[in-house]
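S.K.:
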Amino acid sequence: MKMRFKRIIPCLDTKGGLLVKGVKFNGIRILGDPIDRAKIYEEQGADEIALLDISASLEKKCIATDLVRKISSSISIPLIVGGGIRSIDQIRILLEAGADKISINTAAVENPMIVKEAASTFGSQHIIVAIDAVRVSQDKWEVYTYGGSRPTGLDVVDWATRVEELGASEILLTSIDADGTRGGYDIKLIRTVSEVVDIPVIASGGAGNPEHIYMVLTDGMADAALAASIFHYGEYSIRDIKLYLASRGVPVRL
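Residue numbering for the sequence shown follows the numbering used here, beginning at 4 and increasing consecutively.
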(Lines of atoms letter the chains of each structure in order from A; the text may use other names.)
(Lines give C-alpha, C1' and ligand atoms only; values in the text may rest on other atoms or scores of the structure.)
Protein backbone atom coordinates (compact mmCIF):
# COMPACT_ATOMS: atom_id res chain seq x y z
CA MET A 4 0.00 0.00 0.00
CA LYS A 5 1.37 3.38 -1.01
CA MET A 6 2.13 5.70 1.91
CA ARG A 7 0.03 8.88 1.95
CA PHE A 8 2.20 11.74 3.11
CA LYS A 9 0.69 14.45 5.30
CA ARG A 10 1.05 17.89 3.75
CA ILE A 11 2.03 21.26 5.24
CA ILE A 12 0.46 24.19 3.40
CA PRO A 13 1.37 27.79 4.28
CA CYS A 14 -1.48 30.17 3.53
CA LEU A 15 -1.00 33.55 1.89
CA ASP A 16 -4.09 35.59 2.73
CA THR A 17 -4.12 38.68 0.54
CA LYS A 18 -6.04 41.92 0.26
CA GLY A 19 -5.29 44.42 -2.47
CA GLY A 20 -2.37 42.27 -3.58
CA LEU A 21 -0.64 42.46 -0.18
CA LEU A 22 -0.04 39.68 2.33
CA VAL A 23 -2.28 40.15 5.38
CA LYS A 24 -3.32 38.28 8.52
CA GLY A 25 -6.15 38.71 10.97
CA VAL A 26 -7.80 36.98 13.92
CA LYS A 27 -11.19 35.31 13.42
CA PHE A 28 -11.30 36.99 9.98
CA ASN A 29 -11.00 40.47 11.57
CA GLY A 30 -8.23 42.88 12.67
CA ILE A 31 -6.33 42.62 9.41
CA ARG A 32 -2.61 43.50 9.48
CA ILE A 33 -0.46 44.07 6.39
CA LEU A 34 2.62 41.83 6.36
CA GLY A 35 4.26 42.47 2.99
CA ASP A 36 4.77 40.86 -0.40
CA PRO A 37 3.13 37.45 -0.97
CA ILE A 38 5.48 36.63 -3.86
CA ASP A 39 8.58 36.79 -1.66
CA ARG A 40 6.89 34.68 1.02
CA ALA A 41 5.86 32.04 -1.50
CA LYS A 42 9.49 31.61 -2.56
CA ILE A 43 10.68 31.38 1.05
CA TYR A 44 8.07 28.79 1.95
CA GLU A 45 8.93 26.62 -1.02
CA GLU A 46 12.60 26.74 0.02
CA GLN A 47 11.59 25.67 3.53
CA GLY A 48 9.81 22.58 2.21
CA ALA A 49 6.14 23.53 1.78
CA ASP A 50 4.16 20.85 -0.05
CA GLU A 51 1.74 23.36 -1.56
CA ILE A 52 0.91 27.03 -1.15
CA ALA A 53 -2.56 28.49 -0.71
CA LEU A 54 -3.20 31.97 -2.12
CA LEU A 55 -6.53 33.35 -0.91
CA ASP A 56 -7.97 36.82 -1.50
CA ILE A 57 -9.95 37.32 1.70
CA SER A 58 -11.92 40.37 0.55
CA ALA A 59 -12.78 39.31 -3.01
CA SER A 60 -16.22 37.83 -2.31
CA LEU A 61 -17.37 40.80 -0.24
CA GLU A 62 -16.08 43.21 -2.88
CA LYS A 63 -17.71 41.07 -5.61
CA LYS A 64 -14.49 40.60 -7.54
CA CYS A 65 -12.20 37.70 -8.39
CA ILE A 66 -8.65 37.23 -7.13
CA ALA A 67 -6.18 39.07 -9.37
CA THR A 68 -4.94 36.93 -12.26
CA ASP A 69 -1.65 38.85 -12.42
CA LEU A 70 -0.80 37.93 -8.83
CA VAL A 71 -1.60 34.27 -9.52
CA ARG A 72 0.62 34.34 -12.59
CA LYS A 73 3.52 35.97 -10.74
CA ILE A 74 3.43 33.53 -7.84
CA SER A 75 2.93 30.44 -9.98
CA SER A 76 5.92 31.41 -12.12
CA SER A 77 8.04 31.90 -8.98
CA ILE A 78 7.47 28.46 -7.45
CA SER A 79 7.38 24.86 -8.62
CA ILE A 80 5.07 23.35 -5.98
CA PRO A 81 1.27 23.26 -6.42
CA LEU A 82 -0.62 26.52 -5.94
CA ILE A 83 -4.14 26.60 -4.49
CA VAL A 84 -6.04 29.75 -5.48
CA GLY A 85 -9.28 31.13 -4.02
CA GLY A 86 -11.24 34.32 -3.56
CA GLY A 87 -14.36 35.57 -5.33
CA ILE A 88 -14.35 32.86 -7.99
CA ARG A 89 -17.86 32.58 -9.38
CA SER A 90 -17.77 31.20 -12.90
CA ILE A 91 -16.34 28.47 -15.09
CA ASP A 92 -14.63 31.14 -17.20
CA GLN A 93 -12.85 32.54 -14.13
CA ILE A 94 -11.69 29.07 -13.17
CA ARG A 95 -10.33 28.52 -16.67
CA ILE A 96 -8.46 31.83 -16.64
CA LEU A 97 -6.87 31.10 -13.23
CA LEU A 98 -5.81 27.60 -14.24
CA GLU A 99 -4.27 29.02 -17.40
CA ALA A 100 -2.48 31.61 -15.22
CA GLY A 101 -0.78 28.81 -13.30
CA ALA A 102 -3.14 27.79 -10.49
CA ASP A 103 -3.08 24.06 -9.85
CA LYS A 104 -6.19 23.90 -7.68
CA ILE A 105 -9.14 26.26 -7.42
CA SER A 106 -10.85 26.83 -4.08
CA ILE A 107 -14.53 27.82 -4.17
CA ASN A 108 -16.61 28.80 -1.15
CA THR A 109 -19.36 31.41 -1.54
CA ALA A 110 -20.16 30.53 -5.15
CA ALA A 111 -20.46 26.85 -4.27
CA VAL A 112 -23.03 27.59 -1.56
CA GLU A 113 -25.04 29.90 -3.80
CA ASN A 114 -24.81 27.64 -6.86
CA PRO A 115 -23.76 24.10 -5.92
CA MET A 116 -23.83 22.95 -9.53
CA ILE A 117 -20.74 25.05 -10.26
CA VAL A 118 -18.76 22.42 -8.34
CA LYS A 119 -20.13 19.62 -10.52
CA GLU A 120 -19.63 21.59 -13.72
CA ALA A 121 -16.10 22.64 -12.80
CA ALA A 122 -15.11 19.09 -11.83
CA SER A 123 -16.54 17.77 -15.08
CA THR A 124 -14.92 20.48 -17.21
CA PHE A 125 -11.44 20.63 -15.69
CA GLY A 126 -11.14 17.42 -13.68
CA SER A 127 -12.06 17.02 -10.03
CA GLN A 128 -8.36 17.11 -9.05
CA HIS A 129 -8.40 20.85 -9.74
CA ILE A 130 -11.47 21.67 -7.63
CA ILE A 131 -11.46 22.27 -3.86
CA VAL A 132 -14.45 23.46 -1.86
CA ALA A 133 -13.57 25.73 1.07
CA ILE A 134 -15.85 25.60 4.09
CA ASP A 135 -15.70 28.34 6.72
CA ALA A 136 -17.29 27.04 9.90
CA VAL A 137 -18.64 28.61 13.07
CA ARG A 138 -19.52 26.43 16.06
CA VAL A 139 -23.18 26.79 17.06
CA SER A 140 -23.26 24.02 19.68
CA GLN A 141 -20.95 21.34 21.07
CA ASP A 142 -21.39 19.06 18.05
CA LYS A 143 -22.72 21.38 15.35
CA TRP A 144 -21.15 23.96 13.06
CA GLU A 145 -22.68 26.38 10.54
CA VAL A 146 -21.28 27.29 7.12
CA TYR A 147 -20.42 30.98 6.64
CA THR A 148 -19.75 32.75 3.34
CA TYR A 149 -18.47 36.12 2.08
CA GLY A 150 -15.21 36.00 4.00
CA GLY A 151 -16.84 34.67 7.14
CA SER A 152 -19.38 37.50 7.35
CA ARG A 153 -22.64 35.75 6.43
CA PRO A 154 -24.31 32.76 8.09
CA THR A 155 -25.98 30.41 5.65
CA GLY A 156 -28.03 28.08 7.83
CA LEU A 157 -26.16 25.13 6.28
CA ASP A 158 -24.82 22.41 8.55
CA VAL A 159 -21.10 21.91 7.93
CA VAL A 160 -21.22 18.10 7.97
CA ASP A 161 -24.18 17.97 5.58
CA TRP A 162 -22.50 20.45 3.24
CA ALA A 163 -19.21 18.55 3.29
CA THR A 164 -20.89 15.32 2.19
CA ARG A 165 -22.78 17.22 -0.50
CA VAL A 166 -19.69 18.80 -2.07
CA GLU A 167 -17.99 15.42 -2.15
CA GLU A 168 -20.97 14.08 -4.11
CA LEU A 169 -20.75 17.06 -6.47
CA GLY A 170 -17.15 16.23 -7.36
CA ALA A 171 -14.84 18.25 -5.10
CA SER A 172 -11.48 16.53 -4.71
CA GLU A 173 -10.65 18.12 -1.34
CA ILE A 174 -12.23 20.22 1.40
CA LEU A 175 -10.43 23.22 2.89
CA LEU A 176 -12.05 23.39 6.32
CA THR A 177 -11.50 26.52 8.40
CA SER A 178 -12.69 27.14 11.94
CA ILE A 179 -13.50 30.84 12.08
CA ASP A 180 -13.58 30.58 15.88
CA ALA A 181 -9.96 29.41 15.94
CA ASP A 182 -8.58 31.42 13.00
CA GLY A 183 -5.50 33.45 13.88
CA THR A 184 -5.79 32.72 17.60
CA ARG A 185 -2.83 30.28 17.62
CA GLY A 186 -4.69 28.33 20.29
CA GLY A 187 -4.96 25.14 18.26
CA TYR A 188 -7.24 23.74 15.59
CA ASP A 189 -10.84 22.78 16.30
CA ILE A 190 -9.96 19.08 16.41
CA LYS A 191 -13.55 17.96 16.88
CA LEU A 192 -14.67 19.89 13.79
CA ILE A 193 -11.88 18.52 11.62
CA ARG A 194 -12.31 14.95 12.82
CA THR A 195 -16.10 15.03 12.46
CA VAL A 196 -15.85 16.05 8.81
CA SER A 197 -12.90 13.75 8.09
CA GLU A 198 -14.91 10.79 9.36
CA VAL A 199 -17.84 11.37 6.99
CA VAL A 200 -16.03 12.09 3.71
CA ASP A 201 -13.59 10.02 1.70
CA ILE A 202 -11.80 12.98 0.09
CA PRO A 203 -8.85 14.71 1.79
CA VAL A 204 -9.55 17.40 4.38
CA ILE A 205 -7.17 20.36 4.72
CA ALA A 206 -7.40 21.68 8.29
CA SER A 207 -7.23 25.44 8.78
CA GLY A 208 -7.50 27.88 11.66
CA GLY A 209 -5.62 27.99 14.95
CA ALA A 210 -2.10 26.63 14.44
CA GLY A 211 0.24 28.02 17.08
CA ASN A 212 2.94 25.40 17.51
CA PRO A 213 4.13 22.04 16.13
CA GLU A 214 2.01 20.12 18.63
CA HIS A 215 -1.17 21.70 17.25
CA ILE A 216 -0.26 20.52 13.77
CA TYR A 217 0.61 17.05 15.05
CA MET A 218 -2.75 16.82 16.81
CA VAL A 219 -4.83 17.83 13.79
CA LEU A 220 -3.00 15.40 11.51
CA THR A 221 -3.41 12.51 13.95
CA ASP A 222 -6.39 12.96 16.30
CA GLY A 223 -8.09 15.26 13.79
CA MET A 224 -7.51 12.83 10.91
CA ALA A 225 -6.68 15.71 8.55
CA ASP A 226 -4.73 14.97 5.39
CA ALA A 227 -3.04 18.36 5.41
CA ALA A 228 -2.51 21.27 7.80
CA LEU A 229 -2.78 24.82 6.58
CA ALA A 230 -1.17 27.52 8.70
CA ALA A 231 -0.22 31.17 8.41
CA SER A 232 0.66 33.11 11.56
CA ILE A 233 3.33 30.73 12.88
CA PHE A 234 5.17 30.95 9.56
CA HIS A 235 4.57 34.63 8.79
CA TYR A 236 5.94 35.80 12.14
CA GLY A 237 8.98 33.53 11.95
CA GLU A 238 8.22 31.48 15.05
CA TYR A 239 8.70 28.22 13.19
CA SER A 240 9.86 27.29 9.71
CA ILE A 241 8.08 24.66 7.67
CA ARG A 242 11.18 22.50 8.02
CA ASP A 243 10.96 22.81 11.82
CA ILE A 244 7.39 21.55 11.69
CA LYS A 245 8.21 18.65 9.39
CA LEU A 246 11.16 17.52 11.48
CA TYR A 247 8.97 17.56 14.56
CA LEU A 248 6.23 15.58 12.81
CA ALA A 249 8.72 13.04 11.45
CA SER A 250 10.20 12.59 14.91
CA ARG A 251 6.74 11.59 16.14
CA GLY A 252 6.08 9.15 13.33
CA VAL A 253 3.96 11.28 11.01
CA PRO A 254 4.79 10.58 7.35
CA VAL A 255 5.95 13.84 5.73
CA ARG A 256 8.19 14.71 2.80
CA LEU A 257 11.49 16.09 4.08
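Beta carbons are placed, not taken as given, at the ideal position from N, Cα and C, and that holds for glycine.
Given the structure is predicted, the values throughout are model-derived calculations rather than measurements.
In the DSSP assignment, find the unbroken beta strand (DSSP E) run with Q53 in it and report its ends.
M.R.: The displayed chain sequence assigns Ala, not Gln, to residue 53. A53 -> beta strand (DSSP E) spans I52 to D56.
S.K.: Is it right to say D292 is buried, meaning 16 or more other beta carbons lie within 10 angstroms of its own, or is it exposed?
M.R.: This structure leaves residue 292 out entirely; the chain is present only between 4 and 257.
S.K.: Along the chain, where does the alpha helix (DSSP H) that runs through K245 open and close?
M.R.: I241 to S250
S.K.: For L135, which option in A121, S232 and D189 has the closest C-alpha, if you only look at C-alpha atoms?
M.R.: For clarity, residue 135 is Asp in the given sequence; the question names Leu instead. When only C-alpha atoms are compared, the closest one is D189.
S.K.: Give me the Cα-Cα distance between D142 and L192, rounded to the nearest whole angstrom.
M.R.: For D142 and L192, the distance between alpha carbons rounds to 8 Å.
S.K.: Using the Cβ count rule (16 or more neighbours within 10 Å means buried), how would you classify G150?
M.R.: When all chains shown are included, G150 counts as buried.
S.K.: So, is N108 buried or exposed, given that buried needs 16 or more other C-beta atoms within 10 angstroms?
M.R.: With 16 or more Cβ atoms within 10 Å of its Cβ, N108 is classed as buried.
S.K.: Look at the alpha carbon of M4 and the alpha carbon of G19, and state the distance between them as a whole number of angstroms.
M.R.: For M4, the pLDDT reaches just 44, beneath the cut-off of 50, and the residue's location in the model is therefore unreliable, leaving the point undetermined.
S.K.: The beta strand (DSSP E) that contains Y147, what's its start and end?
M.R.: K143 to T148
S.K.: When DSSP labels each residue in this structure, what does S259 get in the three-state scheme?
M.R.: Because the chain is modelled from 4 through 257, residue 259 falls outside the range shown and cannot be assessed.
S.K.: So what's L15 in DSSP terms, helix, strand or just coil?
M.R.: Of the three classes helix, strand and coil, the one that applies to L15 here is strand, per DSSP.
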